[in-house]
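Scroll down for the structure; my scribbles are underneath it.
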Amino acid sequence: MTDTLSTAVSHELDENALLEAYRTMRTIRAFEERLHDEFATGEIPGFVHLYAGEEASATGVCAHLDGRDSIASTHRGHGHCIAKGVDVKAMMAEIYGKKTGSCHGKGGSMHIADLSKGMLGANGIVGGGPPLICGTALAAKQRGTGGVGVAFFGDGASNQGTTLESLNLASVWNLPAIFVAENNGYAEATSSSWSVAADNIADRAAGFGMPGVIVDGFDFFAVHEAAGEAVQRAREGGGPTLIEVKFTRYFGHFEGDQQTYRAKEVAEARAKLDCLKRFRARVTETGQVDAARLDAIDTQVADLIDAAVEEAKAAPKPTAADLETDVYVSY
Ligand SMILES: Cc1ncc(C[n+]2csc(CCOP(=O)(O)OP(=O)(O)O)c2C)c(N)n1
Ligand SMILES: [Mg+2]
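Here the sequence shown is numbered in the UniProt record's numbering, starting from 1 and rising by one per residue.
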């Protein structure tokens, strides 16, 4: 059964939780906007896929997670990393290919991982995350930790066999897993209205015997509420959930994408739907948060991103000898 959640109540979140959510979304936005500018200078190696516009998804889901829980990300992974607590400066250094990066500069944007934070990794393999989450969710279940696993994946990845097999396995094994389909309308330049064989990705949940929910991805509170229900169900032994989050990405598929396949939708989304603007309007109108406190966060985040870029640029690159480290894992 697929439910639609477009608005949700925020009263369960206290002021600190609201400020934390705003800080996370603002950090992701500032990180991505800055990377967009810095990438254009030619100093950043490799491919970069930006998450701007989609902040409410990573933030609304990860707000429910703690040290027991793990997430698997995608090629568009910066937002998931930040929301799961990966160090922002180490991420920036990683993207610049520097030794001080999360993976010592050997991974870059598409391979940022921090297992100490339960962040299993961004992933260059479309549909690579869901099978990993079946593994971590099975481990959590067997060990009785109460932990959950969350797989973020795109509308393109929703058609991959790995994703569909993982949905089946998670249901058969009744795993504490949450599948978050981030439907931003495109897989590269291919519209999901053309490539996804259902009106909604969440409709597929019924075929796997699990609940499916559709959420307005520009609404932090809607994502937060849907994810809260799914996480609670998973922790209580109720099995997996498929959540479809619908929104628009603000930048191209990758930095450098000319975006000849779309026109006005980004400007409209930024003007009318933006998750940060809506969040700010809502919490200040209800009197839950003073606008000055949000302004202060904006300033702190801007300073953090400035420092992250400055330090990343100044950091050393890995040396030839570093080629021989981090090759094997000791268990
Ligand atoms: C297995 C695999 N097939 C194809 C690609 C090439 N590729 C990279 S991103 C992408 C589109 C993914 O679209 P979606 O899952 O909707 O994620 P989005 O980029 O929209 O966040 C494709 C086809 C890949 N990286 N891996
Ligand atoms: Mg997509």
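Cβ atoms here follow ideal geometry from the backbone N, Cα and C, with glycine treated the same way.
- Taking a cut-off of 8 Å for Cβ pairs, the region 194-208 and the region 257-265 do not touch, as fewer than three such pairs fall below it.
- If only complete runs of 3 or more residues are kept, the region 128-186 shows the beta strand (DSSP E) at 149-154 and 177-183, in order along the chain.
- For Glu225, the enclosing alpha helix (DSSP H) starts and ends at Phe220 to Arg235.
- The beta-carbon distance between Glu188 and His111, rounded to whole angstroms, is 19 Å. This is too long to meet the 8 Å contact definition.
- Around the CB of Asp290, fewer than 16 other CB atoms lie within 10 Å, so the residue is classed as exposed.
- With the rule of 3 Cβ pairs closer than 8 Å, the region 224-242 does not count as touching the region 48-55.
- At a Cβ-Cβ threshold of 8 Å, Ala140 and Arg68 count as neighbours.
- Approximately 4 Å separates the beta-carbon atoms of Ala151 and Pro130; this is inside 8 Å, confirming the contact.
- Its chain contains Gly97, Lys98, Lys99 and Gly105 as the residues whose beta carbon lies nearer than 7 Å to that of Lys317, once the 5 sequence neighbours on both sides are disregarded; these appear in chain order.
- In this structure, the CA atom of Glu38 is about 9 Å from the CA atom of Val309.
- By alpha-carbon distance to Cys62, the top candidate from His224, Gly124, Asn16 and Gly217 is His224.
- Placement of the Cβ of His75 at a distance of less than 7 Å from at least one heavy atom of ligand 1 is found.
- Its Cα nearest to that of Phe221, the residue Ala281 stands out among Met119, Ala296, Gly147 and Ala281.
- Pairing His75 with Asn123 gives a Cβ-Cβ distance under 8 Å.
- At a cut-off of 7 Å, the beta-carbon of Asn200 does not count as near ligand 2: no heavy atom of the ligand is closer than that.
- Judged by DSSP in its simplified three-state form, Ser192 adopts helix.
- Judged by DSSP in its simplified three-state form, Thr24 adopts helix.
- Here Ser73 is buried, its C-beta having at least 16 other C-beta atoms within 10 Å.
- In this structure, Val126 lies near Ala157, with their beta-carbon atoms less than 8 Å apart.
- A Cβ-Cβ separation of about 5 Å places Ala227 in contact with His64 under the 8 Å criterion.
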